[in-house]
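Q: For reference, the structure I am asking about is given below.
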Amino acid sequence: MNRTWLRRMIWSYLPIFFIMFSFLFFVFFQTLVEQNNRNTKEASKVFVGQLLQTVDVSLKTLDTMMIRELVSSKLLSDFFFADGNENVFLNYQIVNRMQQMQHEMSIIDSYYLVRYKDGIVFSGKTTKMDDFQDIAFIRSQQYSKESHTSTWSSIRSYHELVAQKPKSVISLVHRVSVGSDADGLIVVNVSAASLRTLIKDMYNPEQAFVQLYDRGNQPLFIHDEVNTSGKVLASQTSPYSGWTVESGVVNGKVAGLISNLSSIWLVLGLLIFLAGSVFIVYITRKNYKPIEELVFRIQDQFGSGKPSLGRLAVDEFTFIETAINNFAEQTKLFRKEAEASAISKRKTLFMELLHFEKGMQSEAIDLTALPEHDKQRVLVIEIDQPEQIFNQYISRDQALFKFVISSATHELFTQHGISIWLDWTSTLQMTGLLFLPDSSKEEAEEICERITTWIHQHLAFTVTIGLGEAAAGADLAGVSNKQALEALTFKAALGHNRVIHYSDTQQVATVKTTNTHLQAIHRLIQHFRLHEENWQESFDSMFSGMRSCCLPKSEITELCRYFVAHMDLQLSQASKDYYDVWKSETSGSLREIIEEFDTLDELQSFCRLALQTYADQIGQLYSERMHHQLLQDIRGYIGHHFSNSELSLEYLADKFGISAKYISQLFKEEFGENFLDYLSQLRISEAKKRLLEQANSIQEVGEHVGYVNAATFRRVFRKVEGISPVDFRKRHAM
Numbered sequence: 001m002n003r004t005w006l007r008r009m010i011w012s013y014l015p016i017f018f019i020m021f022s023f024l025f026f027v028f029f030q031t032l033v034e035q036n037n038r039n040t041k042e043a044s045k046v047f048v049g050q051l052l053q054t055v056d057v058s059l060k061t062l063d064t065m066m067i068r069e070l071v072s073s074k075l076l077s078d079f080f081f082a083d084g085n086e087n088v089f090l091n092y093q094i095v096n097r098m099q100q101m102q103h104e105m106s107i108i109d110s111y112y113l114v115r116y117k118d119g120i121v122f123s124g125k126t127t128k129m130d131d132f133q134d135i136a137f138i139r140s141q142q143y144s145k146e147s148h149t150s151t152w153s154s155i156r157s158y159h160e161l162v163a164q165k166p167k168s169v170i171s172l173v174h175r176v177s178v179g180s181d182a183d184g185l186i187v188v189n190v191s192a193a194s195l196r197t198l199i200k201d202m203y204n205p206e207q208a209f210v211q212l213y214d215r216g217n218q219p220l221f222i223h224d225e226v227n228t229s230g231k232v233l234a235s236q237t238s239p240y241s242g243w244t245v246e247s248g249v250v251n252g253k254v255a256g257l258i259s260n261l262s263s264i265w266l267v268l269g270l271l272i273f274l275a276g277s278v279f280i281v282y283i284t285r286k287n288y289k290p291i292e293e294l295v296f297r298i299q300d301q302f303g304s305g306k307p308s309l310g311r312l313a314v315d316e317f318t319f320i321e322t323a324i325n326n327f328a329e330q331t332k333l334f335r336k337e338a339e340a341s342a343i344s345k346r347k348t349l350f351m352e353l354l355h356f357e358k359g360m361q362s363e364a365i366d367l368t369a370l371p372e373h374d375k376q377r378v379l380v381i382e383i384d385q386p387e388q389i390f391n392q393y394i395s396r397d398q399a400l401f402k403f404v405i406s407s408a409t410h411e412l413f414t415q416h417g418i419s420i421w422l423d424w425t426s427t428l429q430m431t432g433l434l435f436l437p438d439s440s441k442e443e444a445e446e447i448c449e450r451i452t453t454w455i456h457q458h459l460a461f462t463v464t465i466g467l468g469e470a471a472a473g474a475d476l477a478g479v480s481n482k483q484a485l486e487a488l489t490f491k492a493a494l495g496h497n498r499v500i501h502y503s504d505t506q507q508v509a510t511v512k513t514t515n516t517h518l519q520a521i522h523r524l525i526q527h528f529r530l531h532e533e534n535w536q537e538s539f540d541s542m543f544s545g546m547r548s549c550c551l552p553k554s555e556i557t558e559l560c561r562y563f564v565a566h567m568d569l570q571l572s573q574a575s576k577d578y579y580d581v582w583k584s585e586t587s588g589s590l591r592e593i594i595e596e597f598d599t600l601d602e603l604q605s606f607c608r609l610a611l612q613t614y615a616d617q618i619g620q621l622y623s624e625r626m627h628h629q630l631l632q633d634i635r636g637y638i639g640h641h642f643s644n645s646e647l648s649l650e651y652l653a654d655k656f657g658i659s660a661k662y663i664s665q666l667f668k669e670e671f672g673e674n675f676l677d678y679l680s681q682l683r684i685s686e687a688k689k690r691l692l693e694q695a696n697s698i699q700e701v702g703e704h705v706g707y708v709n710a711a712t713f714r715r716v717f718r719k720v721e722g723i724s725p726v727d728f729r730k731r732h733a734m
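Everything in the sequence shown is counted per full-length UniProt numbering, starting at 1 for the first residue and increasing by one.
Put into structure tokens, the structure is as follows:
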């Protein structure tokens with residue numbers, strides 16, 4: 001077999017391999033160079049730090065030694081206290097001590113002491129200050145404005161005698177002050193050469209260089225001693241002396257040149273890489289030509305034109321297999337689309353039946369697509385307490401639960417020969433359209449009961465089913481749907497995990513009264529406004545009334561909203577402390593409960609807890625007030641003597657020994673109403689009982705509750721109740 005194609009492929013890609021290998025080599029070499037530069041810089045930084053530390057330690061040691069001598073040595077103090085006569089023995093002792101210090105600190109080159117008061121300089125021998133060779137430095141230090149502290153000078157030239165050769169020194173200067181003025185100086189000179197000797201053993205001059213600079217950026221070492229032709233790699237300044245150390249490698253320019261050349265090599269490597277990439281593309285396209293022509297010929301047989309290869313779903317060598325598989329996939333796709341279309345049509349028909357209104361054209365509905373039936377009936381399955389249980393699951397689990405519910409419902413009905421269409425019409429509600437024979441009405445209700453029982457036993461939550469009435473025509477399925485939804489609104493009063501028939505809700509709905517619930521709400525608010533502890537009886541009475549009337553959830557919600565709003569209004573007129581507790585803690589939680597409750601029992605439980613907490617807080621505030629017991633006594637007295645026609649603020653003031661104005665203020669703060677309104681409420685409440693229970697005249701009833709004047713009684717009664725006493729008796733007598 002001729003292997004021309006194989007040899008062509010081998011010789012095509014070998015040059016590419018060599019190009020890529022060269023590029024990787026250049027990159028590797030560049031990486032080594034850069035890493036070496038970084039390591040050298042880091043080593044230089046460490047070395048500079050150690051070298052600077054060595055110099056600082058030597059300078060600090062000398063500085064500390066001189067300070068100790070100034071503080072503890074009697075010789076120096078005797079010298080500066082001398083009266084001007086030369087003390088030969090003292091001078092001898094000073095020379096001896098300074099020689100000891102030079103022996104201890106080899107970096108000391110020379111020293112001298114300056115006494116300003118008689119202009120004497122002692123450097124081992126006594127010299128007049130004006131005749132001393134370093135007089136310029138002494139004058140600069142004498143008239144310096146710096147504080148009296150030790151300082152290191154910049155590098156300078158120093159020679160004690162005219163015949164001596166000047167040398168480079170750094171001077172440590174200590175000012176000596178006996179009184180208020182500076183009395184002298186101690187100058188210790190350190191030779192730059194000694195510092196050079198100190199650090200020369202720390203590095204190899206043939207490989208690295210070191211240079212010290214003083215505060216004035218003057219080099220401490222002469223250039224003949226230091227090879228500074230290299231590149232500075234590290235620099236550091238001493239916080240003590242202010243000197244700067246610079247260090248680098250000798251012939252650093254050569255290393256820099258190598259580094260620059262390596263950069264050039266990297267650029268060259270990148271160019272080679274780009275050239276290799278272009279070459280790969282060219283060779284690949286050239287070798288791909290025969291395969292491309294083959295694929296085009298196959299495509300010409302199964303399609304029109306010459307499409308681009310970018311449309312191929314698989315590689316070219318399996319293209320023929322893919323083409324065959326595509327036929328099977330397209331067949332499956334057509335089948336799925338047909339099934340999806342059928343489902344979509346049935347769902348559309350399902351929604352049309354549920355929302356069919358009177359007056360619409362029933363001919364628009366394709367009744368031939370419906371299962372055989374005599375009547376239609378709609379049920380709506382709603383998940384109970386979603387916030388507590390169902391919504392705690394993730395979306396995937398919720399979808400699984402919904403599938404289980406729909407599957408179980410469909411299976412239970414089909415087992416009894418009843419056709420049903422199901423769909424989740426909202427997040428928590430699944431609507432089912434039953435196609436019933438005439439004999440299956442009671443059977444459908446039993447199946448609904450079994451559905452609620454099965455879900456309660458097998459799932460972590462429960463459902464409530466609203467069941468509409470059976471409809472004989474397709475145009476009445478929408479009515480049954482509305483009935484099922486309306487039946488679910490009574491779940492709050494009737495409870496969950498049950499089946500609610502629309503007919504049952506209509507029977508209990510006629511029992512509702514008009515003002516009973518509002519009166520119960522007003523009684524409950526009155527208890528809280530007057531700080532009465534027996535509020536729970538009125539609270540239970542209010543919920544019992546809503547439960548007995550079997551109110552739908554919407555009406556329960558509106559009544560509870562009215563309670564919170566009216567409570568807010570009444571408490572806003574009372575003490576600010578009580579109202580603040582209500583606004584900050586209670587009202588918000590009550591509104592949240594009202595908007596989220598699921599059943600009346602749940603609402604009653606949460607509201608009781610919130611109101612009990614409020615009552616406890618108000619009770620604590622109420623008991624802490626200084627006038628708590630006084631108000632209790634006054635209110636109790638009014639409750640027993642409200643029928644006294646002479647009862648007034650002045651009467652109570654005389655009775656309890658406080659001013660009438662103070663009583664009025666307390667009533668307004670605590671109960672949110674003035675004394676007269678409170679008294680009128682008590683009297684009219686008793687009057688209403690007597691008007692309904694006794695046959696006494698209007699005047700007799702008024703006199704019994706404390707109104708001597710019948711006209712006054714009528715006016716107050718109309719103000720409180722909105723109607724006259726006569727009309728009140730007639731209306732309730734009916």
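Glycine residues also receive a C-beta, built at the ideal position from the N, C-alpha and C atoms.
#1: Note down the Cα distance separating Ile135 from Ser177, rounded to an integer number of angstroms.
#2: Nearest to Leu70 by CA position, among Leu185, Ile19, Tyr116 and Val121, is which residue?
#3: Tell me whether Trp11 sits in a helix, a strand or coil according to DSSP, three-state version.
#4: Let me make sure I understand the geometry here. Which of Met546, Val33, Glu700 and Arg591 has the alpha-carbon closest to that of Ile264?
#5: In three-state terms, what does DSSP make of Trp152?
#6: One question on the structure: do Asp504 and Leu436 come within less than 8 angstroms of each other, judged by their Cβ atoms?
#7: First and last residue of the alpha helix (DSSP H) that includes Asp677?
#8: Express the C-alpha separation of Asp214 and Glu113 in angstroms, rounding to a whole number.
#9: Quick one: using the 10 Å Cβ neighbour count with 16 as the cut-off for buried, is Asn15 buried or exposed?
#10: May I have the straight-line CA-CA distance separating Lys45 from Ser123, to the nearest angstrom?
#11: Rounding to the nearest angstrom, what Cα-Cα distance links Glu246 and Ala208 in this structure?
#12: Taking the alpha-carbon positions, what's the Gly432 to Ala471 distance?
#13: Between His597 and the rest of its own chain, which residues show a CB-CB distance below 6 angstroms, the 5 nearest in sequence each way excluded?
#14: Let me check understanding here. Comparing Cα to Cα, which of Val48, Leu631 and Ile618 lies closest to Leu666?
#15: Between the C-alpha atoms of residue 737 and Ile383, what's the straight-line distance to the nearest angstrom?
#16: Spatial neighbours of Leu691 within its chain, please: C-beta separation below 7 angstroms, excluding the five flanking residues on both sides.
#17: Is it the case that the segment 601 to 619 contacts the segment 582 to 590, given that we only count it when at least three CB pairs across the two stretches are under 8 angstroms?
#18: Can you list, in chain order, the residues of its chain whose CB lies under 6 angstroms from that of Val716, leaving out five sequence neighbours each side?
#19: Considering just the uninterrupted stretch of the alpha helix (DSSP H) at Val88, what are its terminal residues?
#20: Measuring CA to CA, which of Glu446, Gln376, Thr453 and Leu485 is closest to Asp438?
#21: By the three-class DSSP mapping on this structure, what secondary structure does Arg215 have?
#22: Do you know whose CA, among Lys167, Val232, Leu59 and Gln385, lies nearest Ala43's CA?
#23: Below 8 angstroms between beta carbons: does that hold for Gly478 and His355?
#24: Go through its chain and collect everything with a Cβ distance to Phe390's Cβ below 6 angstroms, but skip five positions before and after it.
#25: Applying the 10 Å Cβ sphere with the 16-neighbour rule, what's the burial state of Lys74?
#26: Mind checking Phe563: buried by the 16 CB within 10 Å criterion, or exposed?
#27: Beta-carbon separation of Met546 and Leu611 under 8 angstroms?
#28: Please tell me whether, using a cut-off of 7 angstroms, the distance from the CB of Met351 to the nearest non-hydrogen atom of the ligand ADP is below it.
#29: Which value, in whole angstroms, describes the spacing of the CA atoms of Arg731 and Lys688?
#30: If we ignore side chains and look at the alpha-carbon of each, how far apart do Leu422 and Ala328 end up?
#31: In whole angstroms, give me the CA-to-CA distance for Leu220 and Phe28.
#32: Can you tell me which of Ser544, Thr151 and Gly276 puts its alpha carbon nearest to the alpha carbon of Leu24?
#33: By Cβ distance below 7 angstroms, which residues in the same chain neighbour Trp11 in space, the five residues on each side in sequence not counted?
#34: According to the Cβ coordinates, are Ile272 and Ile19 closer than 8 angstroms?
#35: I'd like the span of the beta strand (DSSP E) that includes Gln429, first residue to last.
#36: Starting from the Cα of Ser153, find the closest Cα among Thr126, Val162, His159 and Val187 and give me that residue.
A: Considering the structure as presented:
#1: In this structure, the alpha-carbon of Ile135 lies about 19 angstroms from that of Ser177.
#2: The option with the nearest alpha carbon to Leu70 is Leu185.
#3: Helix at Trp11.
#4: Comparing alpha carbon positions, the residue from Met546, Val33, Glu700 and Arg591 closest to Ile264 is Val33.
#5: DSSP places Trp152 in the strand class (E or B) of the three-state scheme.
#6: Between Asp504 and Leu436, the C-beta spacing is not below 8 angstroms.
#7: Phe675 to Glu693 is the extent of the alpha helix (DSSP H) around Asp677.
#8: First, the residue type needs correcting, since residue 113 is Leu and not Glu in the sequence shown. A straight line joining the alpha-carbon of Leu113 with that of Asp214 spans about 24 angstroms.
#9: Per the sequence shown, the amino acid found at residue 15 is Pro instead of Asn. Its Cβ having fewer than 16 others within 10 Å, Pro15 is exposed.
#10: Here the C-alpha atom of Lys45 lies approximately 40 angstroms from the C-alpha atom of Ser123.
#11: C-alpha separation (whole angstroms): 11 angstroms.
#12: Computed Cα separation, rounded: 14 angstroms.
#13: A small correction: the amino acid at residue 597 is Phe; His does not occupy that position in the sequence shown. Within the same chain, Leu603 come within 6 angstroms of Phe597 by CB-CB distance, once the 5 residues on both sides are set aside.
#14: Nearest C-alpha to Leu666: Leu631.
#15: Because the chain here runs from 1 to 734, residue 737 falls outside it and cannot be looked at.
#16: Counting only Cβ-Cβ distances below 7 angstroms, and skipping sequence neighbours, we find Val701, Pro725, Phe728 and Arg729.
#17: Segments in contact, yes.
#18: Counting only residues of its own chain and dropping the five nearest sequence neighbours on each side, Val716 has a CB closer than 6 angstroms to the CB of Ser680.
#19: Per DSSP, the continuous alpha helix (DSSP H) segment holding Val88 begins and ends at Val88 to Glu104.
#20: Considering only Glu446, Gln376, Thr453 and Leu485, the residue with the shortest C-alpha distance to Asp438 is Gln376.
#21: Residue state for Arg215 is assigned as coil, using DSSP reduced to three classes.
#22: The shortest Cα separation from Ala43 among Lys167, Val232, Leu59 and Gln385 belongs to Val232.
#23: It is a contact, given that the beta carbons lie within the stated cut-off.
#24: Result list for Phe390: Ile383 and Phe461, in chain order.
#25: Exposed, since its Cβ has fewer than 16 Cβ neighbours within 10 Å.
#26: Buried, since its Cβ has 16 or more Cβ neighbours within 10 Å.
#27: Using a Cβ distance threshold of 8 angstroms, Met546 and Leu611 do not count as a contacting pair.
#28: In the structure shown, the ligand ADP is absent, as is every other ligand, since no ligand is present at all.
#29: Our two residues, Arg731 and Lys688, have alpha carbons roughly 12 angstroms apart in a direct line.
#30: The alpha-carbon atoms of Leu422 and Ala328 are separated by roughly 32 angstroms.
#31: In a straight line, the C-alpha of Leu220 is about 42 angstroms away from that of Phe28.
#32: Taking only the C-alpha atoms, the option nearest Leu24 is Gly276.
#33: Excluding positions up to five away in sequence, the list is empty.
#34: Judged by their CB atoms, Ile272 and Ile19 are nearer to each other than the 8 angstroms cut-off.
#35: Counting along the chain, the beta strand (DSSP E) containing Gln429 begins and ends at Gln429 to Leu436.
#36: When only C-alpha atoms are compared, the closest one is Val187.
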